[in-house]
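Number of protein chains: 2
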Amino acid sequence: MRNIKLTIEYDGSSYFGWQRQPNKISIEAIIEETIQDLTKEDIKLIGSSRTDSGVHAKGQVANFITECKIPVFKIPSALNSKLPIDIVILDAEEVPLDFHARYSSVGKRYSYTILNRITPPALYKNYVAHCKYDLDFEKMKKASKYFLGTHDFSAFKSTGSSVKTSIRTISDIELIKDEEIIKLYIEGDGFLYNMVRIIAGTLIDVGRGRISCDSIEDIIRSKDRKRAGQTAPASGLCLERVYY
Amino acid sequence: MRNIKLTIEYDGSSYFGWQRQPNKISIEAIIEETIQDLTKEDIKLIGSSRTDSGVHAKGQVANFITECKIPVFKIPSALNSKLPIDIVILDAEEVPLDFHARYSSVGKRYSYTILNRITPPALYKNYVAHCKYDLDFEKMKKASKYFLGTHDFSAFKSTGSSVKTSIRTISDIELIKDEEIIKLYIEGDGFLYNMVRIIAGTLIDVGRGRISCDSIEDIIRSKDRKRAGQTAPASGLCLERVYY
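Below, the structure written as structure tokens:
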């Protein structure tokens, strides 16, 4: 019996997210079925993160237990030859049997990409969130720092997932501006449902002047979802890396 | 009578290139028909560059002569509301009547993007050329400098276009590496048919060790298309800017 850890890149544009759902095409189901087709076993794929519809991944991680004897270095090309072109297995490695893509994870890194200009994008349109309002980058940068550290992020969570606690630790947050693109990188021990997209939406509201930078502390403390910004669009979000 | 200059961004993935062709969907025809629909005139659109099928543009330029009275600042949004989402008018300005998008151009800047890793791309797949062979970036950089200056680029031209001379001046060439991405920027007074893609393909061959850096001078001098590298895929190419 072997435990195989996969690192996966995907373009989420055409899928109803990672998680298997009845009558909807999900990334999890497609990869799971492709592995079953390869191994001829009824394997169960465990993903680190249930990315939503339209969200991308450069480094999603998943694992499965198998009896099959295929050499691990052959797994990526064997699966990629059967997978659709918008899902690519970057790497496969054998890991201890107790490795669990979700529970063993100690941290995640996401990016969020904003195109800030009046006209909508023709290029890269599936990979950015378009904001036509003029954003004050320095204010967004200042505001972003308030998210660092350990907080109860109830104000930055959508309803729909049951978690024991809303306390999370953000260890790194970075905002980079390159001409019309504003890119947010955020790293933490875990993220609540829609947390990165609500943080991104809140920073957009700061950039537009609808929320002041210095009120972020208050909004966090309020634990009130209504005080944070909008949930920014899925297209801007990418799961960059999962740490173990 | 007014002459309107448009700056256009487009994703070339779904089109048979810029130029109007019978029974094929072209970017030129779509924009021209959209302008005709707006102005109710039989206008003729003049593009600066006939980008091929799958080639993108961040700054294609085109112009048209019109009698219509619509304020120039309203033209982008008026056209964008009717254009498909992968073609966006970034800007419109009124220019002198003798301005001609093609003949008035004094230079162009292109980028070419290579994804250099074993596995094919799931993300950004329409915007990169994938190269699975390990590329020696330093050799590519050294080789690129031989293209600078004024040369007869007959060895770097596909047949199929009739031009008076194959002499062109490359004023700037830059190669940038960012993890798995190698990006080529090239600027010159004009480019022959497929010239940027053949230069990119030749640099890829240098990176793979199939062509030595120091033979670029010889290849240029030979004027022999067979001695240069392959024509690299259209997806990596983007018309960044046209100078006037």
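Top line first, the protein sequences correspond to chains A and B. Throughout the first sequence, residue numbering follows the working numbering, covering 1 to 244 in sequence. Throughout the second sequence, residue numbering follows the working numbering, covering 245 to 488 in sequence. Glycine included, each C-beta is placed from N, C-alpha and C at the ideal position.
With contacts defined as CB atoms closer than 8 Å, A:Thr51 and A:Leu239 qualify as a contacting pair. Residues of chain A whose Cβ lies closer than 8 Å to the Cβ of B:Asn324 are, in chain order, Thr119, Pro120. Contact of B:Leu250 with chain A is not assigned, every C-beta pair being separated by 8 Å or more. Comparing alpha-carbon positions, the option among A:Gly54, A:Ser161, A:Ile186 lying closest to A:Gly149 turns out to be A:Ile186. Scanning its chain for C-beta atoms nearer than 7 Å, with the 5 sequence neighbours on each side dropped, one finds around B:Ser258 the residues Asp330, in chain order. At a cut-off of 8 Å, the C-beta of B:His300 has a neighbouring C-beta in chain A. Under the 8 Å criterion on CB atoms, A:Tyr10 is classed as interfacial with respect to chain B. When rounded, the separation of the alpha-carbon atoms in A:Arg2 and B:Pro364 is 26 Å. At a cut-off of 8 Å between C-beta atoms, B:Ile274 does not count as an interface residue with respect to chain A. Residue contact check for B:Val372 against chain A: no CB pair falls below 8 Å.
Beta-bridge pairing by DSSP links B:Gly434 to no other residue.
Within the model, the alpha-carbon separation for B:Leu323 versus B:Tyr487 is close to 23 Å. In the three-state reduction of the DSSP assignment, A:Ile216 falls in the helix class. For A:Ala232, there is no enclosing beta strand (DSSP E), as DSSP marks it with neither H nor E. Around the beta-carbon of A:Lys132, fewer than 16 other beta-carbon atoms lie within 10 Å, marking it exposed. Following the DSSP letters along the chain, one finds B:Ala387 in no beta strand (DSSP E) but inside the alpha helix (DSSP H) bounded by residues 381-388. Residue-level contact by beta carbon fails for B:Asp422 and chain A, as no gap is shorter than 8 Å. Here A:Tyr133 carries a coil assignment [DSSP, helix/strand/coil]. Looking at the backbone, the Cα of A:Leu115 and that of B:Arg346 are separated by about 29 Å. Per DSSP, the beta-bridge partners of A:Ala62 are A:Leu6, A:Gly47. The continuous stretches of alpha helix (DSSP H) do not include A:Ala122, and DSSP gives it neither H nor E. Shown here for B:Glu276: same chain residues with a beta carbon closer than 6 Å to its own, the five before and five after excluded, namely Leu289 in chain order. Non-local beta-carbon contacts of A:Thr231 in its own chain, meaning distances under 8 Å to residues more than five positions away in sequence, involve Ser158, Asn194, Arg197, Ile198, Gly201 in chain order. From the listed residues A:Arg117, A:Lys5, A:Phe64, A:Asp37, the smallest Cα separation to A:Asp178 is found for A:Arg117.
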